[in-house]
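Residues -20 to -1, 1 to 182 (mature numbering (1 follows the signal peptide of the UniProt record, and there is no 0)) are what the sequence shown spells out, left to right.
No residue lacks a Cβ here, since even glycine has one placed at the ideal position from N, Cα and C.
For clarity, every value in this text was computed on a predicted model and none was experimentally measured.
Okay, structure first, notes after.
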Amino acid sequence: MTIKSLTITLILCSTGSACSVMNEQECQTANWSALGYVDGSQGASANQFNERSSACSEYKVHANFNQYQASYQQGLITYCTESHGFFVGSNGNSYLGVCPQSTSALFLRGYHQGQQLFTLKNKVTQAEQALQNEQYDSEYQQQRLNRLKNSIIYDKLTARERQQKLEKIEEINQQPNLIKKQKAQLNRLKKELAELELVQRN
């Protein structure tokens, strides 16, 4: 099993496939050095070897811990950098605390910066969706407003019914103010995002 094929497998795993269990063919052809490097470079848990070893023991295949562990540590050197921490955080991925003390501070600095960017991007997306939904609803409410106005003019209503319809009209008339507030919030979030991206680029 080559490093390239292992990397593809891990990418597929991140979409929801079961990664921890190796099948018989994978165990029989396993390159434990390559597996260790790829797991380390992907920030996999230190327990990943135990899971792989346990799976392969079912097929009476002995996992080579020394080969795996040496390459796993080499993989961590690639993973545990500030720039990669930013990549992990900005994509909303979890950090499993695998970096050694000598590199964890730099990794975490990048990771937290990436998390800030990821969180702010999500807020912008949610604000855009909320504004879009409100604008769609506004079109429907305008039709409803016209019906209410016609009802007040042409229908025979009790004083209570008339008051209820007037209250609904007032409620609908407040909607443009809500849309205006949502637009202002969205613009504020976009400004914050642009400023954060500028700071992190520098």
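(request) Can you have a look at S51 and say buried or exposed, based on whether 16 or more other CB atoms are within 10 angstroms of its CB? (result) Position 71 of the sequence shown holds residue 51. Here S51 is buried, its C-beta having at least 16 other C-beta atoms within 10 Å.
(message) DSSP three-state label for E147, please.
(response) For this step, residue 147 is matched to residue 167 along the sequence shown. Three-state result, E147: helix.
(request) Helix, strand or coil for K40, going by three-state DSSP, please let me know. (result) Position 60 of the sequence shown, counting from 1, holds the residue named residue 40. The answer is coil: DSSP assigns K40 none of H, G, I, E or B.
(message) Looking at L76: is its Cβ nearer than 8 angstroms to the Cβ of S25?
(response) Locating residue 76 in the sequence shown gives position 96, counting from the first residue. Locating residue 25 in the sequence shown gives position 45, counting from the first residue. The answer is yes: Cβ separation under 8 angstroms.
(request) Would you tell me roughly how many angstroms separate the C-alpha atoms of Q180 and L169, rounded to the nearest one? (result) Residue numbering aside, residue 180 sits at position 200 when the sequence shown is read from its first letter. Residue numbering aside, residue 169 sits at position 189 when the sequence shown is read from its first letter. Distance between Q180 and L169, taken at the CA atoms: about 16 angstroms.
(message) For the alpha helix (DSSP H) containing K136, name the first residue and the last one.
(response) The residue labelled residue 136 in the question sits at position 156 within the sequence shown. Note, K136: premise wrong, no alpha helix (DSSP H); not H, not E.
(request) Let me know the secondary structure DSSP gives Y75 once reduced to three states. (result) On the sequence shown, residue 75 is found 95 positions in, with the first residue counted as 1. Correct three-state label for Y75: coil.
(message) Check this for me: beta carbons of Q8 and V41, under 8 angstroms apart or not?
(response) By one-based count along the sequence shown, residue 8 stands at place 28. By one-based count along the sequence shown, residue 41 stands at place 61. With respect to V41, Q8 sits close: the two C-beta atoms are nearer than 8 angstroms.
(message) If I measure Cβ to Cβ from A85 and keep anything under 7 angstroms in the same chain, skipping five residues before and after, which residues do I get?
(response) For the purposes of this step, residue 85 is taken as residue 105 along the sequence shown, with counting starting at 1. If we look at A85 and ignore the five residues flanking it on each side, it has no Cβ neighbours.
(message) Tell me which residue opens and which closes the alpha helix (DSSP H) that T58 is part of.
(response) Your numbering for residue 58 matches position 78 in the sequence shown. For T58, the enclosing alpha helix (DSSP H) begins and ends at 45 to 59.
(message) Under DSSP, the alpha helix (DSSP H) around S70 begins and ends at which residues?
(response) Looking up residue 70 in the sequence shown gives position 90. Segment 62 to 70, the alpha helix (DSSP H) holding S70.
(request) Going by CA-CA distance only, name the one from E62, K129, N113, T138 that's closest to S82. (result) As a working mapping, residue 82 is identified with position 102 in the sequence shown. It is E62.
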